[in-house]
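Structure record follows, encoded as structure tokens.
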Amino acid sequence: MAPTRFGAILMSAKGRFEMLRAQSVLTTLAAAALLILVGLPVLFILLQAVFPDFARGSFAGAFSKLAILTENDRLMTQARNTLMLAFSVMLGCLIFGLPIGILRGLFHIPGARVWDVVFLIPFLIPPFIAAIAWMMTLQPRGYLFQLVGFDMGRFLFSFTGVAFVMTLNLFPLVYFAVSRALEMVGGRFASAARVHGARPLQAFFLITLPLSIPAIAASLLIVFAMSIEEFGTPAALAARTGFEVLVTGIYTRLSDWPIDLSGAALGSVMLMAMVLAAFTLQNWIATRRSYISQTGKPADLEKADLGRWRWPVLGLFALVGMIGVIIPLAAIAVTSLMGTISGGLNWSNLDTRHYQPIFQQGSRAAQALVTSGWLAVVTAFATATIGGLVAYIVVRGTGRGRAVMDGLSVLPNAIPAIVLAVGIILAWNSPYLPLTFYGTAGILLIAYIGILLPYPIRYAVARLRQISGSLDDAARVAGASQMQALRHITLPLMAPSLIAAMMLVFAIASRELVASIMLAPAGLRTVGTFVFSQFEQGSVQTGMAMSVIAITITSGILLAVNLWLARQGSSAFSG
Amino acid sequence: MFRTTALAATFGLIGTFAHADTLTFYTAGPGGLADALADAFQAETGITVNVFQGTTGQVMARLEAEEANPQADVVVSASWGSAVDMHDRGLLMEYLSPNAAAVPDFLKHSHYVAQGISALAMVWNTQSDAPRPSEWSDLTDEAYRDLITMPDPAQSGAAFDLVAGLEAAMGEGAWELLAGLAANDMIVPGPNAAALNPVLQGAKAVVFGAVDYISYAQAASGETIEVIVPDSGTVIAPRPMMILQSTSNPDAAKAFVDFVLSEAGQELVAATWMMPARADVEGLRPGINDLNVIEVDEDAVAARREEIIARFNETVTNR
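Top line first, the protein sequences correspond to chains D and V. Under my numbering, think of the first position of the first sequence as -17, with each following residue one higher. Under my numbering, think of the first position of the second sequence as 2, with each following residue one higher.
Written out as structure tokens, the structure reads:
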């Protein structure tokens, strides 16, 4: 906390009272939102884990399911595999995301706004589609073989292959977190180090990089949580090699008769424990010292020019973009345009007929696009509002429940979406509720906001830890109320992180699958469920065609927003 | 289901309003069929059918989670055993549609009736280097090394029925066959679609135990695959249709079941390349009487489910 408290002293008693009231109203709002969106489903999952017949309204046989924890060592193997995979993916994300994130944060990269949108595209591709795209590219007789005569099936269907594909789904998290954090740290501290005789690289590794540690740690925490929760990729690629993770077991319990809700809930509790441990570690790293770099002193915010490094750096961006974005996207597009899969890459096999069902007048595909579109927009704004508020209270507040709020906010990423969906059904479909969103599109909003809240919270918390509280105090001394200080000082400083998080949220919500399948009211389709049912019915090409259309529309929207922000002048949105 | 109104008015732009003229229908794929049935039924009766379509596992998980306050009226699953189980738990309403008269006795019960039937088969990519197989046991031949896929019995009820059926027909021989396939490097990549996809592209040559109607449809759309049903016999997977005891709209639910079992409804089922449940409606492909069907005692097999899956994992997937 900043030492400056003149403002408080100067204020009248009435003013101080208003300050406290404003803060407690905000805290109550944020806590209520978190409890309803996250705490409620988590509570019902815990109840289900303890009481096997909870879904039927019975509390019989408490703890009888705990036996599965000790009954076989398959579970332990799964837990070990889960952790190994998560650490490999974190490492992979650093390799892919860190260099380009640093460059984007510190230098003028030609087409920077466009690159931002390019690296958002992995989030627009549902993970199971990306896995299928890689499979069709690299497996024996896949596209790579058809083009150049060899395949990489052995690589893809292995531990490394799974980690590789999951890395490509997640590395942008590191890219965005690092580039935003470094933009904020800026060149000022490095310049000071240079004045004191440090060489450029020394200044970077001793000053600039350490100051962005909260952001890097926060993004790695999300990567960790998402890779232990991700099901599509291990299921598609690793099942055949006998490599099992915890989430595979959870899905098996939920995917075939007889359904074992309780066992699945228990498995999820293990995942939550893992993520809470990782969260504690990340929190320790982020708070054991100060990372404040934004104190309000006028700073040279100009980024450095790349000079003769321009082309090599662009080459690096292009390489990462090629592997992470272009290849899977091309595989999806090519598949959507094939008359038959077995016909292979022949011009005579080029056929647009699989797009027809989507463009039919009043088709269900069009409804799905509209539904996913408005759900994603509302989710993006709602998560940014709630997330920004929670982050503000966690970092700046004084209440005792702050750590609990912070921890609660990270849980949705740890719970497999299908289990969270079950928790939401149990919580919101209770016959005792006088009124409920269940059975309406509103339940999807509740699920999406709950699942995606961790992004804005993690991003904004990391950002706030870089902003000095004395800026607020200065505004207060100058006569601003707390709300005014929040609105005119803190919020604009948080905006870049919140906007980056909103774009992520929009991207992911626009194609969310697993919770949508479980929660969408009968008759309502989203892009994700539409694509999935196409795959299930065997029309792989129509599924891919729908993905192509959805990705095109969504990335177009994101590009437009990004360019509009650029025209507004980045000054409004950068530190 | 009436208590949603206030918030539904705000959020239910496309959401569902439950009243007398709507019916909620949960169904395992194919989705095209569910929509076609819903549209045709609405055209005939004016009753709106809201469809939720997923895999059998998703449908069942959702029913289970909603059990305190059920939402569905009519359910179709792809696993006969799930209907047996739900009936045992008293969740189903008794109803035998008059239109079920033409459905063979072994495909109907007082509380559930087949909507359509699929069979388990081998699906062979005709462009592959491997020769055309004609029997399950052919696939243990060296010519198919590393070229076979199979749906996971833990994830596909039909594949589970096949394992159980082969065991019923061949005894220990079934497990020797599966061990032989494992020795031939067969992969078990997941549910049906996951097993079929590598064969379409040619990464693998044959699916052992594919649900046949999807492949018939794909062959008809030009994929170079052939559905082969061994003469030695296979199992069938009837898809049970049932009305939940908790339905708030039993008349509409009964009318819907009647419609699905009407000639018009069964024509729609046949159009998906399944076998219609009614013996007097012609299918697009070989029917039950053309197949050598292995009888499976559903009750006995369901009781041994864990044992069979554990043995399968031990024999084939090494888990």
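Here a beta-carbon is modelled for each residue, glycine too, at the ideal position from N, C-alpha and C. Keep in mind it's a predicted model, so treat the numbers as computed, not measured.
Is DSSP giving residue i helix, strand or coil here?
i	result
F209/V	strand
S119/V	strand
L263/D	helix
W125/V	strand
N51/V	strand
Y273/D	coil
I535/D	helix
T25/V	strand
Y113/V	strand
I425/D	helix
R305/V	coil
P277/V	strand
Beta-carbon within less than 6 Å of residue i's beta-carbon, same chain only, minus the 5 sequence neighbours each way: which residues are those?
i	result
G166/V	V236, I295, V297
D35/V	Checking the sequence, you will find Ala at residue 35/V rather than Asp. Closer than 6 Å at Cβ, skipping near neighbours: T28, V52, Q54.
L262/V	S98, N100, A101
L193/D	V167, Y273, S275
V251/D	A31
A444/D	P196, A197, A200
L327/D	Q128
A221/V	none
F137/D	G143
Is residue j closer than 8 Å to residue i when the C-beta atoms are compared?
i	j	result
D74/V	N250/V	yes
I449/D	L475/D	yes
I91/D	V295/D	yes
W81/V	E299/V	yes
V212/V	N193/V	yes
R507/D	A348/D	no
M87/V	I244/V	no
A238/V	S119/V	yes
L201/V	T141/V	no
A115/V	R286/V	no
Q59/V	T25/V	no
A207/D	A396/D	yes
M256/D	I400/D	no
Determine, using beta carbons only, whether residue i comes closer than 8 Å to chain D.
i	result
Q246/V	no
G223/V	yes
D300/V	no
A68/V	In the sequence on display, residue 68/V carries Glu and not Ala. So yes, E68/V belongs to the interface.
P190/V	yes
Q128/V	yes
Y113/V	no
Q54/V	yes
Which same chain residues end up closer than 8 Å to residue i when comparing Cβ atoms and leaving out the 5 residues on each side of it in sequence?
i	result
I310/V	P154, A155, F161
A362/D	M484, M485, V487, F488, A491
Could one say the Cβ of residue i lies closer than 8 Å to chain V's Cβ atoms, at least one of them?
i	result
T334/D	no
I195/D	no
Q60/D	no
T142/D	no
Q121/D	yes
Q184/D	no
P109/D	no
T472/D	no
S20/D	Checking the sequence, you will find Val at residue 20/D rather than Ser. Answer no: the Cβ-Cβ gap between V20/D and chain V never drops below 8 Å.
L236/D	yes
A37/D	yes
M(-7)/D	Bear in mind that the predicted position of M(-7)/D carries a pLDDT of just 49, short of 50, making it too unreliable to give a figure here.
F517/D	yes
T322/D	yes
Given residue i, which residues of its chain have a CB within under 7 Å of its CB, disregarding the five upstream and five downstream residues?
i	result
P109/D	N151, E212, G214, T215
T149/D	V71, G74, C75, F78
W125/V	R133, P134, A206, V207, I226, E227, I229
For a cutoff of 8 Å on Cβ pairs, would you count residue i as touching chain A?
i	result
Y145/V	No chain A is present in this structure, whose protein chains are D and V.
**OP:** Just list the alpha helix (DSSP H) runs in the stretch 321 to 406 of chain D, keeping only unbroken ones of 4 residues or longer that don't cross its boundaries, in chain order.
**Re:** Counting only runs of 4 or more, we get 338 to 341, 346 to 378, 384 to 392.
My parser needs the alpha helix (DSSP H) runs of 4 or more residues fully inside the stretch 431 to 517 of chain D; what are they?
436 to 446, 452 to 459, 464 to 467, 473 to 491, 496 to 501
Kindly provide the ranges of any alpha helix (DSSP H) runs that are 4 or more residues long and lie completely inside the stretch 96 to 125 of chain D, ordered along the chain.
-> 103 to 106, 109 to 120
| request: Output the residue ranges of the alpha helix (DSSP H) runs that lie fully inside the stretch 170 to 226 of chain D and measure 4 residues or longer, sorted by chain position. | output: 170 to 177, 182 to 185, 195 to 211
Exercise. Report the residue ranges of all alpha helix (DSSP H) runs contained in full by the stretch 25 to 81 of chain D; include only those spanning at least 4 residues, in chain order.
Key: 49 to 53
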